[in-house]
Amino acid sequence: MSPSLKGILFMCAGVLCLAIGDAIAKWLGEVHSPLQIIFFRTLVSLPLIALLAHYGGGLRKLRTRRPFVHLVRGLIYAGTMVCFVFGLTLLPLAEATAIAFVAPLFVTLLSVPLLGERIDPPVLAASLFGFAGVLIVVRPGGDAFQLGSLVLIGAALFYALMMITARRYGTTESLWAMVFYMTLVPMVLAAVALPWVWQMPQPWHWLGFFGAGVVGVGATACITMAFRFAPAAIAAPFDYTAMLWAVLLGWWFWGEMPDVWVFVGSALIIGSGLAIAYHDRRTTLKRRPTS
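Each step along the sequence shown adds one to the number in numbering that gives the first Met the number 0, with nothing skipped, and position 123 is 122.
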């Protein structure tokens with residue numbers, strides 16, 4: 000099996016884990032506060048992340064000289080999780096996933112003021128098509144629908160900020176340190192708020208809390224392995240297989256079937272993302288020195 004194929008398979012497995020985690024969060028969110036879901040999810044994830052760090056080079060990988068950066072990233076991640084879990088309770092799974100796809104477009108646009116990068120005209124045009132796709136998916140209607148859409152766009156914005164900080168500091172901090180502290184901060188915040196939002200879980204809910212934490216770490220591990228085996232330009236587009244899983248899981252568990260406009264908007268968003276990835280790959284190849 001070629002390294003690129005291994006990378007693609009790892010990416011698909013990681014995306015499947017994310018989709019399962021989203022479905023579990025949506026199910027738990029029908030009863031429990033997003034903060035309670037976040038607490039148990041991070042409580043399960045944190046020791047697993049430490050274990051992976053141990054086998055990935057030792058716990059020294061968790062050392063950091065930038066605690067403030069990790070605190071800020073953790074706060075941003077907490078905002079991402081709260082908005083996304085809350086949004087899942089308001090919208091069908093496929094629509095929530097489609098709106099979340101706007102995050103890479105936010106990364107592209109925010110990289111100009113925050114990282115000083117330049118956007119080429121083709122990338123800007125593709126981003127505008129992507130946002131047009133988001134508007135098609137959102138189509139403001141009832142009050143609950145509008146709130147759910149806005150909350151999920153907020154989650155995508157928070158996620159984009161998290162990715163930008165990863166790009167900014169990822170060369171000086173280890174991967175596992177960034178993931179560990181990013182998970183630790185939301186757990187502490189959720190633990191502080193837990194007495195005010197606590198609902199006694201049913202026995203099967205405990206399995207959901209545990210499963211969400213396990214698949215969350217599984218997603219991180221698989222996606223990390225994907226980028227180790229395959230170039231980003233090859234592995235990253237398979238992130239969009241999340242839409243397939245979201246449609247299947249939403250239909251299977253909740254009887255949700257997106258209308259045609261959700262698929263049209265999703266196609267525009269996915270197409271814009273693929274166009275940006277293709278442009279970045281061509282630009283990188285042109286800049287690579289020839290021997």
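Ideal Cβ positions, reconstructed from N, Cα and C, are used throughout, including at glycine.
Nothing here was measured: the structure is a model prediction, and the numbers come from that model.
- Of the candidates LEU151, ALA225, LEU193, PRO2, LEU151 places its Cα closest to the Cα of LEU89.
- Within the model, the alpha-carbon separation for PHE85 versus GLY147 is close to 8 Å.
- In this structure, the alpha-carbon of ILE233 lies about 30 Å from that of GLY57.
- As the crow flies, the alpha-carbon of SER173 is around 15 Å from that of LEU50.
- Around the beta carbon of ALA189, 16 or more other beta carbons lie within 10 angstroms, which makes this residue buried.
- GLY212 places its beta carbon less than 9 Å from that of ARG40.
- Counting only residues of its own chain and dropping the five nearest sequence neighbours on each side, ALA95 has a CB closer than 6 Å to the CB of GLY86, LEU87, LEU151.
- For LEU15, the closest of LEU123, ASP238, ALA276, LEU74 by C-alpha to C-alpha distance is ASP238.
- The residues SER148, in chain order, have a CB closer than 6 Å to that of VAL137 in the same chain once the five nearest residues on each side in sequence are set aside.
- ALA220 and ILE19 have their C-alpha atoms some 15 Å from each other.
- Here VAL101 carries a coil assignment [DSSP, helix/strand/coil].
- Counting C-beta pairs closer than 8 Å gives three or more between the stretch 150-166 and the stretch 106-115, which meets the contact rule.
- Only residues of its own chain outside the window of five on either side were considered, and among them PHE157, MET161, MET181, THR182, VAL184, PRO185 have a CB closer than 8 Å to the CB of TYR76, listed in chain order.
- In the structure shown, ASP258 falls within a coil segment according to DSSP collapsed to helix, strand and coil.
- Residue ILE48 holds the alpha-carbon nearest to the alpha-carbon of THR223 among HIS69, ILE48, GLY207.
- Within the same chain, PRO236, TYR239 come within 8 Å of LEU273 by CB-CB distance, once the 5 residues on both sides are set aside.
- The beta carbons of LEU92 and ALA165 sit no closer together than 9 Å.
- Around the beta carbon of PRO33, a 10 Å sphere encloses 16 or more other beta carbons of the protein chains shown; the residue is thus reported as buried.
- No Cβ-Cβ contact shorter than 9 Å links HIS31 with MET177.
- It is roughly 23 Å from the alpha-carbon of SER44 to the alpha-carbon of LEU248.
- Taking GLY215 as reference, the option from LEU42, THR171, GLU116 with the minimal CA-CA separation is LEU42.
- GLY129 is the residue among ARG64, THR79, GLY129, LYS25 whose C-alpha sits nearest the C-alpha of ILE275.
- For SER271, the CB contacts under 6 Å within the same chain, skipping 5 residues up- and downstream, are ALA125, PHE128, GLY129 in chain order.
- Comparing alpha-carbon positions, the option among ASP119, GLN35, PHE38 lying closest to TYR277 turns out to be ASP119.
- Rounded to whole angstroms, the Cβ separation of ALA52 and PHE209 is 20 Å, and the two are not in contact under 8 Å.
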